[in-house]
Every structure is written in C-alpha cells, then in structure tokens.
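Notes to accompany the following structure.
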Amino acid sequence: MKNKNSAFNDPCVLFAYIIVCILWGSTYLAIRVGVSDLPPGLFAGIRFIIAGLILLAFAKIRGYKNVPGRRDIVNSAIVGLFLLYGGNGLVVWSEQWLASSLAALLIATVPLFVALIDTVVPGGTSIGWLGWAGLLTGFSGVALLMAPGIELGGTQLTGLIAILMAAFLWASGSVFSSRKPTSCSIIYSIAIQFLAAGIALSTTGLLAGELPRFHLTKAGIGAMLYLIFFGSLAGYSAYIYILKAMPPAKASTYAYVNPVVAVLLGYLILKEQVTLLTVISAAIILGGVLLVQMSRAKAPVESPGTDTDKLTTVSKSA
C-alpha cells in the first residue's frame, strides 16, 4: 500500500491537487463574469441541474450498483440544499456587488465555522484553546476585511453579510454530511446534491422574476460551461482522487491556495483592487484557519475509504 504522507511524489496525485487548487480558486472569477450578464438564481440553478444530469448519466453508463435508497436521497438532498443552494447560491447572489477576490477571502472562513459548529453541537470534536485562539484570530481578520464595506453600507454591506451566511451554511452542511454519511455511490450522492440545489435555485429565480432578464450571452454561456465542467465535474473528481491518496488534513490544504488564486485572477483579469488591508486581512484569516486545523488535527479522525464508489463528499464551494 502506498504511503499517503508521500503522496505528492506521485505525479498524478500532484496534478490532481494542482487542478483542485486552480480550478476551485478560479470559480469565483467565473461566477463574477456570469452574474454580470445573467440573473443569479437561474444562472446557478441551470448550472447544477446540467451537472447533476451529466453525473447521473455517467453513473448509469458505468453501471454503479450502489444506487441511493430513500434515506440516501433525503440526506444527499439536504446536504445539497445547505452547501449548494444556501452556500454557493449566496456566493453567486453576492458577487453581483462584491469583487470575486473579496468573496473568496470571506469563504475561506468555512473551516472556522465548521470548527465552531462541531464544538457547539453535541457529539462533535472539541477544538481546545488553540482552536479558540484560531477562531478569535480568524474572525478578527474578517472584521478587518469587512470594515470598509460596513462604512459604505447598502448593497456592499448586504453582500458581505450574505457571504458570511454562505460560509456558515456551507459549514453546517459539511457537519451534517459528516454526521449523516450515505451508503450509495458518491457519484449518485453528488448528482442528487446538484439536482436538489439546481431545482431550488431555479425555482427561487423564477419566483424572484428573473426569467425576463435571462438572456444568454457569450460571456454568460462561457461562465456557465466553465463552472459545469471545470468547477463542478473536474474539480470534484480531482478532489475525490487526492482523498484516496493522502490524509484529509493534507488534502484540505487546497483551501489555503484557493483565495490566493482568486485574488490573483481577479486582479489580472477583472482589474480588481488589491490593497494592503486586503493582504493583511487575508493573512490573519488564513492564520486563524491554520490554528483551528492544527487543533482539530490533534483529535483522532477516521480516514476515508479507498473505494470511490463509497467516498463521502468533503469539499468547498465548487
């Protein structure tokens, strides 16, 4: 059996890790481009419905036998509603006003919320003094990063609050997913998550009167296709692959790279401003996340299985 701690010596594993770091970091840019031309609810909803249908077709063609039962369908749908409808949906909605780099930096707080929820909810893992120091540090960075938006108020402040709510919902869904694992194929589980979120987002968009504003453009179609095939399908596949080859703590280090990629792409392509305050806030937030993860790494964690047909979803906003 391969040593998971030396997984980066395998070129395939290293390539998959780089894919996750770059693709998931670039999704914030694609979302920003997409919502510039398309209404957020239908834009995100159609993306997930198409991705879900593709995964269902793939599972059927490959003949996966671990089909979901009623409990698997319910649990997967709940996870999808938390992570993708609430978490990703609010990110898409917020990026109508917020820079993609700012959204990515605030979403980096997901591990902080996960640690907080897992500590408070009975049956979770306590983070200890180091974890609490990390929470204090991380949320101090959030306050510093949000300070200019708080002063501006209006849609800027609304977007900032919505992003933090997105991070909280994503963390809540992650904790629920870890407490309610599915017994079906991971492909089926992810497909159900995509479809549940896609239907909910599309319904929300229709109820909000987005249909008259839905006019496909080259930029909008390009952003949607990128998110479907690279953000959702390729990103998830690459992450599942690296989970097989390395410990979860090492695999999750992509979360430190994603904001850097998002900030760099936002600066180079969309000319988003990167200030000294942004850099300092980002360093404080990621430093807090590092302390929290160090605290949680001291607790015994069950390793994921090596069969891709049984893995459970552990991911960020794809």
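Numbering (the numbering used here), first residue to last: 2 to 319. All C-beta atoms, glycine included, are put in the ideal place defined by N, C-alpha and C.
query = For the alpha helix (DSSP H) that contains T120, what are its first and last residues?
reply = 111–121
Boundaries (first-last residue) of the alpha helix (DSSP H) holding W94 = 90–95
key: At least three beta-carbon pairs within less than 8 Å, the region 89–97 to the region 56–67   = The region 89–97 is not in contact with the region 56–67.
query = So is L103 buried or exposed if we call it buried at 16+ other beta carbons inside 10 Å?
reply = buried
task = Check whether the Cβ atoms of C13 and V258 lie closer than 8 Å to each other.
result = No; because the gap between Cβ atoms is not below 8 Å, this pair is not in contact.
inquiry  = Since A31 and V293 should fall inside the 8 Å C-beta cutoff, what is the C-beta to C-beta distance between them, to a whole number of angstroms?
reply    = Wrong, their Cβ atoms sit about 28 Å apart, outside the cutoff.
query = With C-beta atoms as the reference, is V324 less than 8 Å away from F169?
reply = In this structure the chain extends from 2 to 319, so residue 324 is not present and cannot be described.
message = Please return the same chain residues whose Cβ sits closer than 6 Å to the Cβ of A109, not counting the five positions on each side in sequence.
response = P260, I286
key: Neighbourhood of W133 by C-beta distance below 7 Å, restricted to the same chain and skipping five residues each side   = none
ask   = W98 to R33, Cα distance in whole Å?
value = 9 Å
Under the three-state DSSP convention, the category L39 falls into = coil
query = What residues in its chain sit with their C-beta under 8 Å from that of V290, if we drop five residues either side in the sequence?
reply = A109, T110, P112, L113, G135, G139, A256, Y257
request  = Measure the Cβ-Cβ separation of A239 and I20 and say whether it is below 8 Å.
outcome  = yes
ask   = Would L208 pass as a contact of R48 if the rule is Cβ separation under 8 Å?
value = Between L208 and R48, the gap from beta carbon to beta carbon reaches 8 Å or more.
query = In chain order, what residues of the same chain have a beta carbon less than 8 Å from the beta carbon of R180, not counting five sequence neighbours either side?
reply = G124
task = State the Cα-Cα distance for the pair A172 and A198, rounded to the nearest angstrom.
result = 16 Å
Minimum C-alpha distance to D11 - residue among L217, K245, L106, I50 = Per the Cα distances, K245.
Three-state secondary structure (DSSP) of S178 = Three-state DSSP puts S178 in a helix.
request  = Determine the DSSP secondary structure at Y65, reduced to helix, strand or coil.
outcome  = coil
ask   = Would the beta-carbon of I285 be found less than 7 Å away from any heavy atom of the ligand NAD?
value = Questions concerning the ligand NAD fall outside what the structure shown contains, since it holds no ligand whatsoever.
task = Go ahead and label L25 buried or exposed: buried means 16 or more other beta carbons lie within 10 angstroms of its beta carbon, across all protein chains shown.
result = For the sequence presented, residue 25 should be read as Trp rather than Leu. When all chains shown are included, W25 counts as buried.
Neighbourhood of S316 by C-beta distance below 7 Å, restricted to the same chain and skipping five residues each side = Low per-residue confidence applies at S316: pLDDT is 40, beneath 50, and the placement is therefore not dependable, though the value from the model is reported in the following sentence. Result list for S316: Y237, Y240, in chain order.
key: Presumed contact (8 Å Cβ cut-off) between Y189 and V68, rounded CB distance   = 6 Å
ask   = In whole angstroms, what separates the C-alpha of F195 from that of V36?
value = 19 Å
task = Given a cut-off of 8 Å, decide if L202 and G81 are closer than it, judged by their beta-carbon atoms.
result = no
ask   = Relative to the C-alpha of F230, which residue among V262, T205, T28 is closest?
value = T28
inquiry  = Buried or exposed for A220, going by 16 or more other Cβ atoms inside 10 Å?
reply    = exposed
inquiry  = Do S101 and L271 have their beta-carbon atoms positioned less than 8 Å apart in this structure?
reply    = yes
query = When we look at the beta-carbon of L146 and count the other beta-carbons within 10 Å, is it buried (16 or more) or exposed?
reply = buried
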